[in-house]
Amino acid sequence: MASYFDEHNCEPTNSEEPYHQNGLLELASSLMKGVDVFDPGAFDLSDWDQRLPPPAARAAVQSLSVVVISPDQAGDKHSMNLTCPVCLLEFEEPEVVQEMPCEHLFHSGCILPWLGKTNCCPLCHLEIPIDNPEYEELRKNKLQQLRWERLYI
Numbered sequence: 434m435a436s437y438f439d440e441h442n443c444e445p446t447n448s449e450e451p452y453h454q455n456g457l458l459e460l461a462s463s464l465m466k467g468v469d470v471f472d473p474g475a476f477d478l479s480d481w482d483q484r485l486p487p488p489a490a491r492a493a494v495q496s497l498s499v500v501v502i503s504p505d506q507a508g509d510k511h512s513m514n515l516t517c518p519v520c521l522l523e524f525e526e527p528e529v530v531q532e533m534p535c536e537h538l539f540h541s542g543c544i545l546p547w548l549g550k551t552n553c554c555p556l557c558h559l560e561i562p563i564d565n566p567e568y569e570e571l572r573k574n575k576l577q578q579l580r581w582e583r584l585y586i
């Protein structure tokens, strides 16, 4: 009887190589960001964190709107999505939550650590300001390039 690896025409992984549990998520994220998946160097996972947008600016985080969930909003849970998209817990009434500029609501304990790592909304990827002028310039250039590409499509 042939071994599993022979039947599936593959090799066992080297246990000394780092195992990346989030490989599929990284691939999906790369596809969403327009990374050339056929480029052999596109998935060098050693520099994966360097491709994430930088943390949000402290001033931008401090200026996020604070919303108090009222009894009316909490009672009308069917017409409004009143759950935190990060932890999936329903907002209670009265509860103070953070509102991103895109109007998505989050528990402070959920969104603040996220914004300490990246400057975008976890749902719609709207970016808020950062303290890195080089990245801001890169972002502006990418947006301008996308606009030009759309003109020729």
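Residue numbers for the sequence shown follow this note's numbering, so the first one is 434 and each next one is one higher.
Yeah, the Cβ is synthetic: ideal placement off N, Cα and C, and Gly gets one too.
Nothing here was measured: the structure is a model prediction, and the numbers come from that model.
Would residue i be called buried (16 or more neighbouring beta carbons within 10 Å of its own) or exposed?
i: residue 499; result: exposed
i: residue 489; result: buried
i: residue 530; result: buried
i: residue 567; result: exposed
i: residue 525; result: exposed
For residue i and residue j, what's the separation of their Cα atoms in angstroms?
i: residue 542; j: residue 444; result: 43 Å
i: residue 580; j: residue 442; result: 44 Å
i: residue 520; j: residue 532; result: 15 Å
i: residue 582; j: residue 565; result: 26 Å
i: residue 572; j: residue 554; result: 16 Å
i: residue 544; j: residue 437; result: 44 Å
i: residue 466; j: residue 440; result: 35 Å
i: residue 518; j: residue 578; result: 31 Å
i: residue 561; j: residue 495; result: 12 Å
i: residue 549; j: residue 497; result: 14 Å
i: residue 575; j: residue 546; result: 26 Å
i: residue 584; j: residue 559; result: 22 Å
For residue i, which residues from the same chain have a beta carbon less than 8 Å from its beta carbon, with the 5 sequence-adjacent residues on both sides left out?
i: residue 522; result: 516 and 540
i: residue 557; result: 535 and 537
i: residue 563; result: 486, 487, 488, 489, 490, 493, 552 and 569
i: residue 461; result: none
Residues in the same chain with beta-carbon distance under 6 Å from residue i, minus the five sequence neighbours each way, listed in chain order, please.
i: residue 504; result: 526
i: residue 528; result: 502
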